[in-house]
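K.L.:
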Amino acid sequence: MAHDPEAATDKPSALAADRRKLLLGLGIAAGGALVSSLVSERSLAVEDKTAERQVTDAPSSNRADVEQRVPFYGVHQAGIVTPRPANGMVVAFDVIADTPADFDKMLRKLTERIVFLTQGGQPPSLDRKLPPADSGILGPEVFSDNLTITVGLGDSIFENRPWLKHLKPKCLQKMTQFTNDALVAELCHGDLSLQFCANSADTNIHALRDILKNLPEYLVPRWKQEGNVPTILPDSDGHVQSARNFLGFRDGSANPHSSNEALMDEIVWVGQGDGEPEWAIGGTYQAVRIIRNFVERWDRTPLGEQERIFGRRKMSGAPMDGKTENDAPDYAKDPDGKVTRLDAHIRLANPRTPETQKNLILRRPFNYSNGVTKNGQLDQGLLFIVYQADLDRGFIAVQTRLSGEPLEEYIKPIGGGYFYVLPGARESGDYLGRKLAEAAAAGPPT
Ligand code: HEM
1 MAHDPEAATD KPSALAADRR KLLLGLGIAA GGALVSSLVS ERSLAVEDKT AERQVTDAPS
61 SNRADVEQRV PFYGVHQAGI VTPRPANGMV VAFDVIADTP ADFDKMLRKL TERIVFLTQG
121 GQPPSLDRKL PPADSGILGP EVFSDNLTIT VGLGDSIFEN RPWLKHLKPK CLQKMTQFTN
181 DALVAELCHG DLSLQFCANS ADTNIHALRD ILKNLPEYLV PRWKQEGNVP TILPDSDGHV
241 QSARNFLGFR DGSANPHSSN EALMDEIVWV GQGDGEPEWA IGGTYQAVRI IRNFVERWDR
301 TPLGEQERIF GRRKMSGAPM DGKTENDAPD YAKDPDGKVT RLDAHIRLAN PRTPETQKNL
361 ILRRPFNYSN GVTKNGQLDQ GLLFIVYQAD LDRGFIAVQT RLSGEPLEEY IKPIGGGYFY
421 VLPGARESGD YLGRKLAEAA AAGPPT
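Heads up, the sequence shown is in our numbering, so the first residue is 1 and it goes up one at a time.
#1: Just curious, the alpha helix (DSSP H) that Asn214 is in, first and last residue?
#2: Restricting to Cα atoms, I'd like to know which of Gly121, Gly248 and Thr353 is closest to Glu141.
#3: Can you round the beta-carbon distance between Leu362 and Pro444 to whole angstroms, since I take them to be within the 8 Å contact cut?
#4: Less than 8 Å between the C-beta atoms of Ser156 and Ala92, yes or no?
#5: Among Leu215, Asp134 and Asp210, which one has its Cα closest to the Cα of Ala97?
#6: For Ser428 and Tyr73, I'd like the C-alpha separation in whole angstroms.
#7: Answer yes if the region 323-337 comes into contact with the region 276-285, meaning at least three C-beta pairs across the two stretches below 8 Å, and no otherwise.
#8: Bridge partners of Lys224, per DSSP?
#9: Flag this pair as yes or no: are the beta carbons of Ile291 and Pro413 separated by less than 8 Å?
#10: What three-state label does DSSP hand Val115 in the structure shown?
#11: Among the candidates Ile149, Gly136, Val55 and Ser258, whose CA atom is the shortest distance from the CA of Glu88?
#12: Would you mind working out which of Phe196, Val184 and Asp127 sits nearest Gly152, comparing C-alpha positions?
#13: Which two residues bound the contiguous alpha helix (DSSP H) that contains Ser156?
#14: Which residue from Glu159, Ala198, Asn245 and Ala182 puts its Cα closest to that of Gly190?
#15: At the level of alpha carbons, what is the spacing between Ala442 and Ile385?
#16: Do Val270 and Tyr387 have their C-beta atoms within less than 8 Å of each other?
#17: Pull up the distance between the alpha-carbon of Ala58 and that of Val66, whole angstroms please.
#18: Among all the DSSP beta bridges, which residues are the ones paired with Leu383?
#19: Can you check DSSP and say which residues form a bridge with Thr535?
#20: Under the assumption that Tyr368 contacts Met175 (Cβ atoms under 8 Å), give the Cβ distance between them as a whole number of angstroms.
#21: Relative to the C-alpha of Pro365, which residue among Pro234, Val75, Gly394 and Asn228 is closest?
#22: Rounded to whole angstroms, what's the CA-CA distance from Pro71 to Met106? Just pull it up for me.
#23: Counting C-beta neighbours from all protein chains within 10 Å, is the total for Asn350 16 or more, i.e. buried, or is it exposed?
#24: Measure the alpha-carbon distance for Pro221 versus Ala262 and round it to whole angstroms.
#25: What are the partner residues of Ala198, as DSSP defines its beta bridges?
#26: Is it buried or exposed, Pro162, if we count other Cβ atoms within 10 angstroms and call 16 or more buried?
#27: Using DSSP with H/G/I as helix, E/B as strand and the rest coil, what is Pro124?
#28: Excluding the five sequence neighbours on either side, which residues of its own chain have a C-beta within less than 7 Å of the C-beta of Pro123, listed in chain order?
#29: Quick one: is the Cβ of Leu383 within less than 7 Å of any heavy atom of the ligand MG?
#30: List the residues that DSSP assigns as beta-bridge partners of Pro413.
#31: What's the C-alpha gap between Phe116 and Lys213?
#32: Name the residue from Leu391, Asn370 and Asp334 whose alpha carbon lies nearest to the alpha carbon of Gly381.
#33: Looking at Ala437 and Pro100, is the spacing between their C-beta atoms short of 8 Å?
#34: Measure the alpha-carbon distance for Leu383 versus Thr446 and round it to whole angstroms.
#35: How many angstroms separate the CA atom of Asn293 from the CA atom of Leu247?
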């Protein structure tokens with residue numbers, strides 16, 4: 001078999017040494033060609049480093065990425081309209097907090113950890129007789145690495161605590177089974193959700209370990225799902241297309257634009273006048289769904305059928321009547337579904353009529369790959385995460401419309417839950433959920 005050893009970047013080498021001899025020889029032969037010899041020496045220095053690399057050396061990262069930092073303080077929590085990094089993870093917990101005072105302490109401690117983890121820094125060195133302050137899995141310095149940790153509260157934390165019950169957001173409810181669901185109890189619900197997003201998966205795991213170590217008296221993990229999205233090269237004009245999901249389609253093409261603040265105020269953020277408790281203003285509803293994909297079956301489905309099921313072209317992401325990913329389908333011109341089937345995923349999810357504008361949602365999903373199921377199939381799918389100002393009008397209405405879609409033959413929702421994402425902490429000294437904790441401590445109105 002033809003094999004080019006120089007094509008592999010990490011090959012140590014006799015070859016590199018030979019080339020050095022050759023170049024040095026040429027340098028001497030050239031006598032006065034000092035400049036070219038210096039250039040050669042410089043490139044050799046780089047080559048030599050490569051030559052010295054060991055098989056177990058860490059793959060190198062770049063400083064700009066590891067130092068990327070998302071500000072923590074603000075009206076809203078980070079990790080929602082923030083551009084999605086490559087790695088995500090959702091963990092749901094049962095909360096141990098029997099009094100408003102415990103609840104308050106938990107929120108303060110959680111905020112303190114999130115500030116440290118997302119802004120980065122050096123963990124303190126403790127006496128060697130004690131367990132170290134940090135797991136150490138990222139080394140002596142904890143880089144911010146674009147990490148965001150987003151905190152949500154589930155229906156059960158309100159329902160099971162009389163001092164919180166009267167403060168429950170109006171749409172918050174326990175996730176119920178839709179027609180195609182096969183929900184697994186151990187993968188559903190929770191008192192509290194944490195969404196971790198970062199450039200590297202290790203940063204998310206490190207952050208989870210830190211939180212578990214620092215809040216063991218309050219948080220017991222219930223389920224966890226990691227995911228990632230493929231990084232892709234920008235187009236020549238700098239534009240970046242949507243990432244692909246595990247069915248090979250571009251996912252996110254028609255997502256409402258998260259940099260449009262007015263639109264996000266309408267679709268995502270709970271505001272004054274939405275009829276929500278005062279403490280909840282600036283928050284949003286999070287729906288998480290762990291949706292298995294039957295990838296083996298999908299990979300044996302004809303391309304034309306795959307495209308009809310979604311209503312988009314697989315490679316370009318263009319709608320059936322368009323040329324590029326960003327073209328908008330015109331369903332008014334296609335009332336009988338001859339171009340885009342009436343039950344195509346995108347047509348049901350967003351029929352693009354004036355009446356369905358109120359159902360727009362902000363999707364922020366990751367792909368997951370967990371291993372192999374008992375019957376020998378790949379356990380892959382979509383960690384579907386979606387944000388909206390009204391859960392009934394958003395996820396629940398859209399999922400109800402999607403029930404019975406042809407895509408269901410290839411997907412199976414098995415877990416997840418609904419959570420209310422707390423408003424942001426405004427400035428240093430403030431903490432996530434402060435207003436809720438204060439209202440809980442004040443007791444129900446008499
Ligand atoms: C494994 C499950 C799913 C897969 C593989 C999937 C995939 C896709 C793809 C490929 C698109 C077209 C590109 C785009 O605009 O992003 C799309 C659009 C969309 N999906 Fe899904 N999706 C899934 C589940 C869901 C669920 C559970 C919902 C909500 C209940 C949903 C809501 C939407 C919406 C709102 C759009 C945009 C439609 C438009 O505005 O044209 N999807 N999805």
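Here a beta-carbon is modelled for each residue, glycine too, at the ideal position from N, C-alpha and C.
P.N.:
According to the structure data:
#1: As a first step, residue 214 must be located in the sequence shown, where it is residue number 214. Here the alpha helix (DSSP H) through Asn214 covers Ala201 to Asn214.
#2: Residue 141 sits at position 141 when you count from the first residue of the sequence shown. Comparing Cα positions, the closest option is Gly121.
#3: As a first step, residue 362 is located in the sequence shown; it is residue number 362 there, counting from the start. As a first step, residue 444 is located in the sequence shown; it is residue number 444 there, counting from the start. Leu362 to Pro444, Cβ: 33 Å. No contact.
#4: As a working note, residue 156 is residue 156 in the sequence shown. As a working note, residue 92 is residue 92 in the sequence shown. No, the Cβ-Cβ distance between Ser156 and Ala92 is not below 8 Å.
#5: In the sequence shown, the residue the question calls residue 97 occupies position 97. For Ala97, the closest C-alpha among the options Leu215, Asp134 and Asp210 is that of Leu215.
#6: Taking the sequence shown and counting its residues from 1, one reaches residue 428 at position 428. Taking the sequence shown and counting its residues from 1, one reaches residue 73 at position 73. The C-alpha of Ser428 lies about 7 Å from the C-alpha of Tyr73.
#7: no
#8: Here residue 224 refers to the residue found at position 224 of the sequence shown. Bridge partners of Lys224: Val91.
#9: Looking up residue 291 in the sequence shown gives position 291. Looking up residue 413 in the sequence shown gives position 413. Against a cut-off of 8 Å, the Cβ pair of Pro413 and Ile291 comes out as a contact.
#10: In the sequence shown, residue 115 corresponds to position 115, counting from 1. It is helical.
#11: Working through the sequence shown from its first residue, we reach residue 88 at position 88. The amino acid occupying residue 88 in the given sequence is Gly; Glu does not appear at that position. Sorting Ile149, Gly136, Val55 and Ser258 by C-alpha distance to the C-alpha of Gly88 places Ile149 at the top.
#12: Position 152 of the sequence shown, counted from the start, is the residue given in the question as residue 152. Considering only alpha carbons, the answer is Phe196.
#13: Taking the sequence shown and counting its residues from 1, the one referred to as residue 156 is at position 156. Its alpha helix (DSSP H) spans residues Asp155 to Glu159.
#14: The residue given as residue 190 occupies position 190 in the sequence shown. For Gly190, the closest alpha carbon among the candidates Glu159, Ala198, Asn245 and Ala182 is that of Glu159.
#15: Indexing the sequence shown from 1 puts residue 442 at position 442. Indexing the sequence shown from 1 puts residue 385 at position 385. If you take the alpha carbons of Ala442 and Ile385, they lie about 33 Å apart.
#16: Locating residue 270 in the sequence shown gives position 270, where the first residue counts as 1. Locating residue 387 in the sequence shown gives position 387, where the first residue counts as 1. Cβ distance not < 8 Å, so Val270 and Tyr387 don't count as in contact.
#17: Residue mapping note: residue 58 aligns to position 58 of the sequence shown, counting from 1. Residue mapping note: residue 66 aligns to position 66 of the sequence shown, counting from 1. Going by the C-alpha atoms only, they are around 14 Å apart.
#18: Your numbering for residue 383 matches position 383 in the sequence shown. Leu383 is bridged to Ile290 and Phe366.
#19: Absent from the structure is residue 535, since the part of the chain shown begins at 1 and ends at 446.
#20: The sequence position of residue 368 within the sequence shown is 368, counting from 1. The sequence position of residue 175 within the sequence shown is 175, counting from 1. The Cβ separation is near 18 Å, so there is no contact.
#21: As a first step, residue 365 is located in the sequence shown; it is residue number 365 there, counting from the start. Nearest of Pro234, Val75, Gly394 and Asn228 to Pro365, Cα basis: Asn228.
#22: One-based indexing of the sequence shown puts residue 71 at position 71. One-based indexing of the sequence shown puts residue 106 at position 106. Straight-line Cα distance between these residues: approximately 22 Å.
#23: As a first step, residue 350 is located in the sequence shown; it is residue number 350 there, counting from the start. Looking at its Cβ environment, which holds 16 or more other Cβ atoms inside 10 Å, Asn350 is buried.
#24: Here residue 221 refers to the residue found at position 221 when the sequence shown is read from its first residue. Here residue 262 refers to the residue found at position 262 when the sequence shown is read from its first residue. Their backbone Cα atoms lie some 36 Å apart in a straight line.
#25: To locate residue 198, count along the sequence shown from 1; it is residue 198. DSSP, once it has assigned bridges, lists Asn87 as partnering Ala198.
#26: The residue labelled residue 162 in the question sits at position 162 within the sequence shown. The residue is exposed, with fewer than 16 neighbouring Cβ atoms inside 10 Å.
#27: Within the sequence shown, residue 124 is the residue found at index 124, counting from 1. In the three-state scheme derived from DSSP, where H, G and I count as helix and E and B as strand, Pro124 is classed as coil.
#28: In the sequence shown, counting from the first residue as 1, residue 123 sits at position 123. Here the set comprises Ala133, Asp134 and Val142.
#29: With respect to the ligand MG, the structure offers nothing, as its ligand set consists of the ligand HEM.
#30: For the purposes of this step, residue 413 is identified with residue 413 of the sequence shown, where counting begins at 1. According to DSSP, which records beta bridges pairwise, Pro413 is partnered with Ile291.
#31: By 1-based counting over the sequence shown, the position of residue 116 is 116. By 1-based counting over the sequence shown, the position of residue 213 is 213. Each residue's Cα considered, the two are about 14 Å apart.
#32: For this step, residue 381 is matched to residue 381 along the sequence shown. For Gly381, the nearest C-alpha among the options comes from Asn370.
#33: Taking the sequence shown and counting its residues from 1, the one referred to as residue 100 is at position 100. Taking the sequence shown and counting its residues from 1, the one referred to as residue 437 is at position 437. Result yes, Cβ atoms of Pro100 and Ala437 sit closer than 8 Å.
#34: The residue you call residue 383 lines up with position 383 of the sequence shown. The residue you call residue 446 lines up with position 446 of the sequence shown. Those two C-alpha atoms are separated by around 43 Å.
#35: As a working note, residue 293 is residue 293 in the sequence shown. As a working note, residue 247 is residue 247 in the sequence shown. Asn293 and Leu247: Cα-Cα distance of roughly 8 Å.
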